[in-house]
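Notes to accompany the following structure.
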Amino acid sequence: MTELIDLTAAQAARGVQTGEIGAAELFEAYRRRAAGEELNAFLWVADSPAAGGSPADRPLGGVPLAVKDLFCTEGVPSQAGSRILEGYRPPYTATVVAKLTAAGAPLLGKTNQDEFAMGSSNENSGYGAVLNPWDRGRVPGGSSGGSAAAVAAGLAPWAIGTDTGGSIRQPAALCGIVGLKPTYGACSRYGMIAFASSLDQAGPLTRDVTDAALLFRHMVGHDPCDSTSVEFPGQVALPVAEDLRGIRLGVPEELTGDAGGVQSGVRESFEATLNLAEGLGASVEPCRLPHAPHALSAYYLIAPAEASANLARYDGVRYGLRVDGDADLITMYSRTRARGFGPEVKRRIMLGTYALSSGYYDAYYGTAQKVRTKISEDFRVAFEQFDFIATPTSPWTAFELGSKTDDPLAMYFNDFCTVPMSLAGIPAISIPSGLSEGLPVGFHLAGPAFSESRLLDVAYALERAIGFDGRVART
Amino acid sequence: MLDRAQVLHVARLARLELDDDEVQRMAAELSHVLDHIEKIRELDLDGVAPTSHVVDIVNRLRADEPMPCFPPEVALAAAPEPLRTAAGTGFGVPSPLADESP
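Chains V and D are the protein sequences, given in the same order.
Whatever position you read off the first sequence (first residue = 1), add 67 for my numbering.
Whatever position you read off the second sequence (first residue = 1), add 1110 for my numbering.
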């Protein structure tokens, strides 16, 4: 069994396709690990792979998939980490999950997350915090913390999550795995329980870059059920690059200087990775993203504003919790939401409602939308000179459980390096670049819209040069 | 700086019942976050167009033809108060009139 767990997802898929591995045996090996886990990474685990088709004939080879709780899965609990949706079993399946299942990745289980994807530590889950497999006294990051911890600990071969301001990349960094946030519109959002609709994107969390490319290849495409989804230009390429000759990397001083409070160990790993990139033939030069330091402020107006509208649907009428149904309608709404939502969700609903309220709309929401324009322009200018932008993924390595819960603003700074790309809708990947005091550090690369194939290629060449070993987290 | 009355006003708009502790905590926490966010108001943004969406799509409409949808029983399956009456099926809600006793 240990041998199966040691294979990457792509290797396991090939094993099933060539007949060396039985798909049923592979599923059972992971099912047993997921069902017996102690990290609180899973909220539900399947008994068996859903029937249909021969896994050996399909591109994902029967390699089981962990899915963040907020993806709707027909007949299977889909609660977005919230008590207000406790026990909710939707009547349909999210498009990306349906696509991956059809490509041969059966559903292994649903993973824990921050409630409605609001958080950077997974401590905001209505179902308890997730523990980081590298150190169980620390957070796995969030909001896709369950997916990241499950992959890092070898409880799942691969997983999908969602990223609104860093929710795939930051937990991937803190857990020592690969996380890709695709270009906005590359993957359908249909069936993803919404947080901030103009920012939410689904993406892979995997053990290595090749697995990320393979999984992402089968997630993309226009979906008639999501009018903001677009056809991906060509097929996603599997990475092959051996060097980085001719690649120009820009390092924005605004995101790598002192403003974000980058830890010294994170900075050392970041600079060592830039040296490796130069050794592989890339050029590394400083670049400017003048408005990037304001991205966090714009994000924490835009995302809560959209959330306050999206979460209006949890009113105790069509699904989920209802409290005091004998009271009048408004009282029932207000008490249902008071009981069902956790403190961070309430905070963001309040912040968003305030930013959209009469008299404040222009000063807050309108201003944030203009800053968003300036941030996109900054990237457009930077990409005239550079192929990719490099930053640390998170200013910090995994922090101790409970250490940032009393200060919401401090928690928001987790997203300092990742939100500018979210606001611009461009793709970005986090790969493990090494350890700092025994904890993984993430290296973050961003490229122009729909540059995923090239981005994955560069990440692949770096991954081979770094030679990160994540096996210790899989015990 | 948000005061107690503002917090209660916003909570009412958001249909969120807050207890006294929450009102106090929310006033302090939101004020702290807004103090930081306020900095973007110092930027010169005259003449900058707002971005609501990054995808270069204006409107994408499908043909106006009937499509399959869930039967009522499926749509009602997760409802707290499904109604099945002679007049039809639907979602049950309390009276919207505050003073009307049931």
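The beta-carbon is built from N, C-alpha and C at its ideal position, and this holds for glycine as well.
Counted within 10 angstroms of its Cβ, other Cβ atoms place residue i as buried (16 or more) or exposed
{"i": "V/C242", "result": "buried"}
{"i": "V/Q84", "result": "buried"}
{"i": "D/T1195", "result": "exposed"}
{"i": "D/N1169", "result": "exposed"}
{"i": "V/T231", "result": "buried"}
{"i": "D/L1111", "result": "Looking at the sequence provided, one finds Met at residue 1111 of chain D rather than Leu. Exposed."}
{"i": "D/A1138", "result": "exposed"}
{"i": "V/C484", "result": "buried"}
{"i": "V/G501", "result": "buried"}
{"i": "V/A90", "result": "buried"}
{"i": "V/D136", "result": "buried"}
{"i": "D/G1198", "result": "exposed"}
{"i": "V/F450", "result": "buried"}
{"i": "V/T542", "result": "exposed"}
{"i": "D/K1149", "result": "exposed"}
{"i": "V/R389", "result": "buried"}
{"i": "V/A165", "result": "buried"}
{"i": "V/A161", "result": "buried"}
{"i": "V/S145", "result": "buried"}
{"i": "D/Q1134", "result": "exposed"}
{"i": "D/P1206", "result": "exposed"}
{"i": "D/C1104", "result": "One cannot answer for residue 1104 of chain D here, as it falls past the ends of chain D, which runs 1111 to 1212."}
{"i": "V/G328", "result": "exposed"}
{"i": "D/I1167", "result": "exposed"}
{"i": "V/G383", "result": "buried"}
{"i": "V/S461", "result": "buried"}
Counterpart residues of residue i in DSSP-defined beta bridges
{"i": "V/V112", "result": "V/G176"}
{"i": "D/R1194", "result": "D/T1199"}
{"i": "V/F510", "result": "V/P459, V/I498"}
{"i": "V/N199", "result": "V/D202"}
{"i": "V/F138", "result": "V/M259"}
{"i": "V/L311", "result": "Paired residue(s): none; V/L311 is not in a bridge."}
{"i": "V/A226", "result": "V/A133, V/L272"}
{"i": "V/S121", "result": "Note: V/S121 sits in no beta bridge, so no partner."}
{"i": "V/S192", "result": "BP columns for V/S192 are empty, so no partner."}
{"i": "V/S518", "result": "Paired residues: none, contrary to the question."}
{"i": "V/V143", "result": "V/T140"}
{"i": "V/S503", "result": "V/L506"}
Close beta carbons around residue i, own chain, < 8 Å, minus the five adjacent residues each side
{"i": "V/A79", "result": "L71, I88, L93, G128, V130, P224"}
{"i": "V/E190", "result": "D181, A196, V206, G209, L468, G469, T472"}
{"i": "V/R415", "result": "M185, A370, P371, A374, S375"}
{"i": "D/L1128", "result": "V1117, L1118, A1121, M1136"}
{"i": "V/R81", "result": "G128"}
Close Cβ partners of residue i (< 7 Å) along its chain, the five nearest in sequence each way excluded
{"i": "V/S518", "result": "P494"}
{"i": "V/Y421", "result": "Y427"}
{"i": "V/F453", "result": "R315, L316, G317, C354"}
{"i": "V/L106", "result": "V197, L198, P200, A216, A220"}
{"i": "V/S520", "result": "V303, A304"}
{"i": "V/T351", "result": "The identity of residue 351 of chain V in the sequence shown is Val, whereas the question assumes Thr. The answer, listed in chain order, is L316, V318, L341, A344, E345."}
Check: residue i C-beta below 8 Å from any heavy atom of the ligand FAD
{"i": "V/G243", "result": "Although the ligand FAD was asked about, the structure shown includes no ligands whatsoever."}
Proximal residues of chain C, C-beta to C-beta of residue i below 8 Å
{"i": "D/A1173", "result": "Here chain C cannot be found, since the structure's protein chains are V and D."}
Beta-carbon proximity list for residue i, same chain, < 6 Å, skipping 5 on both sides
{"i": "V/I442", "result": "H358, A362, P487, L490, A491"}
{"i": "D/L1140", "result": "L1112"}
{"i": "V/I496", "result": "L247, L512, L522, A526"}
{"i": "V/S234", "result": "A184, S210, S211"}
{"i": "V/L152", "result": "Q146, G387"}
Check whether the region 210-226 of chain V and the region 467-486 of chain V are in contact - that is, three or more C-beta pairs closer than 8 Å. no
- Message: Within 8 Å, do at least three Cβ pairs link the region 440-456 of chain V to the region 368-387 of chain V?
- Response: no
- Message: Count Cβ pairs between the region 291-299 of chain V and the region 268-277 of chain V that sit closer than 8 Å; are there 3 or more?
- Response: no
- [ ] Scan the region 241-294 of chain V and note each continuous alpha helix (DSSP H) run of 4 residues or more that stays entirely inside, going in chain order.
- [x] 276-284
If we require 3 or more residues per run, which beta strand (DSSP E) segments fall completely within the region 313-367 of chain V? 315-319, 350-354
- prompt: Taking only runs of the beta strand (DSSP E) that begin and end inside the region 411-497 of chain V, which ones reach a length of at least 3 residues, in chain order?
  reply: 455-459
Could you give the uninterrupted runs of the alpha helix (DSSP H) lying entirely in the region 1125-1191 of chain D, keeping only those of 4 residues or more? 1130-1147, 1182-1186
Query - Cβ pair count under 8 Å reaching 3, the region 389-407 of chain V against the region 527-535 of chain V - result: no
(message) Quick check: the region 489-509 of chain V against the region 331-338 of chain V, are at least 3 beta-carbon pairs closer than 8 Å?
(response) yes
Segment contact flag, the region 519-531 of chain V with the region 456-468 of chain V, C-beta cutoff 8 Å, min 3 pairs: no
task = Take every Cβ of the region 191-204 of chain V, pair it with every Cβ of the region 237-257 of chain V, and state whether three or more of those distances are shorter than 8 Å.
result = yes
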